[in-house]
Amino acid sequence: MADLKSTFLGIESPNPFWLASAPPTDKAYNVNRAFEAGWGGAVWKTLGEDGPPIVNVSGPRYSALHSNDRRVIGFNNIELITDRPLQTNLDEIRQIKRDWPDRAVVVSVMLPMNEDAWAKHLPMIEDTGADGLELNFGCPHGMSERGMGAAVGQVPEYIQMATEWAKSAASIPIIVKLTPNVASILPPAKAAQAGGADAVSLINTVNSIMRINYDTLTMYPTTDGMGTHGGYCGEAVKPIALNMVAEIARTQETSKLPISGIGGVTDWRDAVDFLALGAANVQVCTAAMVYGFKIIDDLADGLSTFLDEKGLQLDELIGKAVPSVTDWQHLDLNYVEKAVIDQDLCIKCGRCHVVCEDTSHQAITHTVDGERRFEVIDEECVGCNLCVSVCPVDSCITMHQVSDDKEAALPWTDHPNNPMRKTD
Amino acid sequence: MADQPDIRSRRLEQDEIAANFSDLHPPLSRSEALIEADRCYFCFDAPCTEACPTGIDIPVFIQKIRSNNIRGSARTILSDNIMGGMCARVCPTEVLCEEACVRNTHEEKPVEIGLLQRYATDPVIDARMQLFSRAEPTGKRVAVVGGGPAGLSCAHRLAALGHDVVIFDRDEKIGGLNEYGIAAYKTVDDFAQTEAEYILAIGGIEVRNNCALGTDVSLTELQSDYDAVFLGIGLGRSNDLGVDGEDKDGVVNATDYIAELRQAGDLGELPVGRTVVVIGGGMTAIDIAVQSRRLGAEHVHMVYRRGPENMSASTFEQALAQTSGVTIHHRAPPKRILGDEYVTGVEFETDDGKFVLYADVVFKAIGQHLNGIEGPATENGRIVIDGWHRTSLDKVWAGGDCVIDGDDLTVTAVQHGKLAAIDIDRHLGEQ
Numbered sequence: 022m023a024d025l026k027s028t029f030l031g032i033e034s035p036n037p038f039w040l041a042s043a044p045p046t047d048k049a050y051n052v053n054r055a056f057e058a059g060w061g062g063a064v065w066k067t068l069g070e071d072g073p074p075i076v077n078v079s080g081p082r083y084s085a086l087h088s089n090d091r092r093v094i095g096f097n098n099i100e101l102i103t104d105r106p107l108q109t110n111l112d113e114i115r116q117i118k119r120d121w122p123d124r125a126v127v128v129s130v131m132l133p134m135n136e137d138a139w140a141k142h143l144p145m146i147e148d149t150g151a152d153g154l155e156l157n158f159g160c161p162h163g164m165s166e167r168g169m170g171a172a173v174g175q176v177p178e179y180i181q182m183a184t185e186w187a188k189s190a191a192s193i194p195i196i197v198k199l200t201p202n203v204a205s206i207l208p209p210a211k212a213a214q215a216g217g218a219d220a221v222s223l224i225n226t227v228n229s230i231m232r233i234n235y236d237t238l239t240m241y242p243t244t245d246g247m248g249t250h251g252g253y254c255g256e257a258v259k260p261i262a263l264n265m266v267a268e269i270a271r272t273q274e275t276s277k278l279p280i281s282g283i284g285g286v287t288d289w290r291d292a293v294d295f296l297a298l299g300a301a302n303v304q305v306c307t308a309a310m311v312y313g314f315k316i317i318d319d320l321a322d323g324l325s326t327f328l329d330e331k332g333l334q335l336d337e338l339i340g341k342a343v344p345s346v347t348d349w350q351h352l353d354l355n356y357v358e359k360a361v362i363d364q365d366l367c368i369k370c371g372r373c374h375v376v377c378e379d380t381s382h383q384a385i386t387h388t389v390d391g392e393r394r395f396e397v398i399d400e401e402c403v404g405c406n407l408c409v410s411v412c413p414v415d416s417c418i419t420m421h422q423v424s425d426d427k428e429a430a431l432p433w434t435d436h437p438n439n440p441m442r443k444t445d
Numbered sequence: 007m008a009d010q011p012d013i014r015s016r017r018l019e020q021d022e023i024a025a026n027f028s029d030l031h032p033p034l035s036r037s038e039a040l041i042e043a044d045r046c047y048f049c050f051d052a053p054c055t056e057a058c059p060t061g062i063d064i065p066v067f068i069q070k071i072r073s074n075n076i077r078g079s080a081r082t083i084l085s086d087n088i089m090g091g092m093c094a095r096v097c098p099t100e101v102l103c104e105e106a107c108v109r110n111t112h113e114e115k116p117v118e119i120g121l122l123q124r125y126a127t128d129p130v131i132d133a134r135m136q137l138f139s140r141a142e143p144t145g146k147r148v149a150v151v152g153g154g155p156a157g158l159s160c161a162h163r164l165a166a167l168g169h170d171v172v173i174f175d176r177d178e179k180i181g182g183l184n185e186y187g188i189a190a191y192k193t194v195d196d197f198a199q200t201e202a203e204y205i206l207a208i209g210g211i212e213v214r215n216n217c218a219l220g221t222d223v224s225l226t227e228l229q230s231d232y233d234a235v236f237l238g239i240g241l242g243r244s245n246d247l248g249v250d251g252e253d254k255d256g257v258v259n260a261t262d263y264i265a266e267l268r269q270a271g272d273l274g275e276l277p278v279g280r281t282v283v284v285i286g287g288g289m290t291a292i293d294i295a296v297q298s299r300r301l302g303a304e305h306v307h308m309v310y311r312r313g314p315e316n317m318s319a320s321t322f323e324q325a326l327a328q329t330s331g332v333t334i335h336h337r338a339p340p341k342r343i344l345g346d347e348y349v350t351g352v353e354f355e356t357d358d359g360k361f362v363l364y365a366d367v368v369f370k371a372i373g374q375h376l377n378g379i380e381g382p383a384t385e386n387g388r389i390v391i392d393g394w395h396r397t398s399l400d401k402v403w404a405g406g407d408c409v410i411d412g413d414d415l416t417v418t419a420v421q422h423g424k425l426a427a428i429d430i431d432r433h434l435g436e437q
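These protein sequence lines are chains L and G, in that order. Read in order, the letters of the first sequence correspond to residues 22 to 445 in my numbering. Read in order, the letters of the second sequence correspond to residues 7 to 437 in my numbering.
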């Protein structure tokens, strides 16, 4: 079995799976259970300023996007940062780190935009023996209305300023957690880097309203009849997160910035996605909140097995796929693929035909020689991959290259139809 | 050989009988239905729809279950098949829609279309929710003879199109084979009447019970009194075996006993033979054999003259008989009925010689034939029709089991009634 031992900013953990700062890491009881189950680390649920405790709603905090068999596809929450006294959290963090010296214990923190607050609180946290700090610049609900969380993460100057304050107040590594509720992830990432962040973690949750209540025609869920947007997470947000991770990893200026990947990691393949696209470890919340801590078994075992099969070390996987990510304008327009339907695997549902017929290029038959038969009409197929995407049978429809490898690549940058093309 | 036949009631305790005659396929729960609906691939030109004699748009009704649009789902079903509720219970789906399901190719387990159809239609019928309204009155009157699936389907469609309909039914209750013929465990809780009432509730349909064609009303009378006539009279007579001893006491038409069973207030009171021999290989044979076992018959033999591949009962039905404890014998035509006044057994003749099965009761289930009708041309004992169900007589249409391509299925009868109604409407509109 491949060794999953992970080192992130010098923080060691037996595997690269940390629990994200969220309800599962709110107190020692939960974190103990997580570490007993085998989690490599935990980012403690966000601590705030010392003072009167945070007050949460006592109506619903969570809601889910379900499949018909009630599988949770997406998840939404309006919970705030920890509502327990600061000292209670600090005492428990100290104890947990003492009890579990081989696990990563990072503490999430959210403070007002004044330097004194950072100077006062960060040493208190560092004193617990915690391995690192994660600055919560991402929480999109509640706290953002008070000028914290995403309200900071959406303004690069604030990110840089707060990161600088944190760096000067603490000696342990600083991870800046980014919000996806921005037009581009690069300015916030660059700001964190400029402020001295040791790493970034992303994504935090996405602004979201789950649905309405079809009986009352009010948004769902509500607290006493009124609702507010929450933060969206779970499997449904993974593609958004992967893009943002890859953007940071492939941009030269930020490419050296270590990334902790977050967003919809549910099984080991999701972790492989994040790692290959540039994350050095991953954080998980929703999957644990949906299934419990036991999912760490498949996450760790699956990743280890995968590495064995690929003959890779964990470090070698990190960033492996980044060079394959580029801008559209660099894609080779001379390269041609077409779909091929394996008639032995085809179950004749006809979905490929009808979607191609109705919404694409009319490139798949429904009848051949009087028989129900679905075949690609090569002359019409543009290789769009829609049929592959909708086919219910794995590997029944595959894309095959038909262009000649010897033909020179022709990206849009050089294309004759491009008025802005580069000319010698 | 017993001197006296061993026939008596109450062979089983009341609760055993109740369990034996409970719903053969219990309805799906909401969770089961949603999960099953998710298995539908929403196929293009769906093979299941192609395989449905009434052409129900199955992917669409399942999609509507998935989106919790149950009323819309029921409307999709019932607009093509007003007896979608009964068909969900009695259709041999394993040789129709579910056989065509592409999931068979994928994983050898079709979507449970029949059960989903029931899931969508039950709440609407239970709530007596009318999904269809009548068109403007046309002033035309149509006589429908026979209140079975073909007749009710025809009457409903005609009423919806604005015509007034009178159904002439020979029985006490409307419903035909749905009421008197289908195995009890396939249509529990008096569903046949519930559904018939639901169909009639569209309005514009008058029902005259105990009114048989030929005795109480004549076809020529109907032809002159009504703008059109639809014959959905089924096959009223059971076929004879044509062997010696057939007239002995204890040799019974299966359909007669099933009708009695369906109307019994207390199934435990029905007389049941200890050893029962059923002759035939179709659905009726299966139904009488299984119901006999479930009433407490100790030994039930079902004897068919040809091989299993020739049986008109589906493989599911054959398996149902076997798991119910029925012994099926193949390739054994009956030679003669044994006994004096009362039957004592049946002698069969096979390629390997003769054998005798002793019996307290013998059921004949080798098909039915048309209860002689004056007027329309017939062929092989069934009424000849064209593609739009017109008979050889002016203004007379026919459908269901009584016509030449009737295949004894409820769903086919429903389609016949529907097609005839569409053509009758077209015909009346041209007048």
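Backbone N, C-alpha and C fix where the C-beta goes; we use that ideal spot for every residue, glycine too.
query	result
M145/L - DSSP class collapsed to helix/strand/coil	helix
Distance cut-off 7 angstroms: D51/G Cβ against heavy atoms of the ligand FAD	Because no ligand of any kind appears in the structure shown, any question about the ligand FAD cannot be addressed here.
Identity of the residue in N245/G, R163/G, I188/G, Y186/G nearest F138/G by Cα	R163/G
H162/G in three-state terms, based on DSSP	helix
Interface flag, R300/G vs chain L, CB-CB below 8 angstroms	no
Proximal residues, the stretch 355–384 of chain L versus chain G, C-beta separation under 7 angstroms	I368, K369, C370, G371, R372, H374, V375
Inter-residue spacing [alpha-carbon to alpha-carbon] between A183/L and G248/L	31 angstroms
Contacts that R72/G makes with chain L (C-beta to C-beta distance below 9 angstroms)	N89
Listed by chain order, chain L residues near I83/G by CB distance under 8 angstroms	Near I83/G there are no residues of chain L at all, since even the closest Cβ is about 19 angstroms away, more than 8 angstroms.
Simplified DSSP assignment, three categories, for N302/L	strand
R16/G versus G271/G - alpha carbon distance	14 angstroms
Member of A301/L, S27/L, H162/L whose CA lies at the smallest distance from the CA of I475/L	Because chain L in this structure spans residues 22 to 445, residue 475/L falls outside the shown range and cannot be described.
Contact belief for D44/G with R72/G at Cβ below 8 angstroms, rounded distance in angstroms	6 angstroms
A8/G versus I41/G - alpha carbon distance	With a pLDDT of 48 at A8/G, under the threshold of 50, the modelled position of this residue cannot be trusted; read the value that follows with caution. So the alpha carbons of these two residues sit roughly 55 angstroms apart.
Which of helix, strand or coil DSSP assigns to W60/L	coil
Under 8 angstroms by beta carbon: chain L residues contacting V66/G	Neighbours of V66/G on chain L: none; closest Cβ ~13 angstroms, over 8 angstroms.
Interface positions of the stretch 34–49 of chain G facing chain L (Cβ-Cβ less than 8 angstroms), listed along the chain	S37, L40, I41, A43, D44, Y47, F48, C49
N- and C-terminal bounds of the beta strand (DSSP E) containing L156/L	153–157
Proximity test, Cβ basis, 8 angstroms: V108/G and chain L	yes
Distance between beta carbons of V296/G and V332/G, contact taken as under 8 angstroms	6 angstroms
The stretch 92–108 of chain G touching the stretch 313–324 of chain G, judged by at least three CB pairs closer than 8 angstroms	yes
Within-8 angstroms CB hit, T111/G to chain L	yes
Exposure of R299/G, with buried meaning 16 or more beta-carbon neighbours within 10 Å	buried
Through-space distance from K369/L to E105/G, alpha-carbon basis	14 angstroms
Distance between K401/G and A234/G (C-alpha atoms, nearest Å)	5 angstroms
Bounding residues of the alpha helix (DSSP H) (the contiguous stretch that carries T115/L)	Inspection of the sequence shows that residue 115/L is occupied by Arg rather than by Thr. Taken as a continuous stretch (DSSP letters only), the alpha helix (DSSP H) holding R115/L covers 107–120.
Neighbour list for H387/L in chain G, Cβ cutoff strictly below 9 angstroms	F50, D51
Assumed close pair G150/L, R119/L - CB separation to whole angstroms, cut-off 8 angstroms	7 angstroms
DSSP state of M240/L mapped onto helix, strand, coil	strand
Minimum length 3: unbroken beta strand (DSSP E) runs contained in the stretch 323–353 of chain G	332–335, 340–345
DSSP state of R45/G mapped onto helix, strand, coil	coil
CA-to-CA distance, F197/G to L18/G, given in whole angstroms	25 angstroms
Nearest-angstrom Cα separation, counted from T200/G out to M135/G	12 angstroms
DSSP-derived helix/strand/coil call for G1/G	The structure shown does not extend to residue 1/G, since chain G spans only 7 to 437, so no value can be given for it.
Distance, G248/G Cα to Q374/G Cα	14 angstroms
DSSP three-state assignment for L247/G, whether helix, strand or coil	coil
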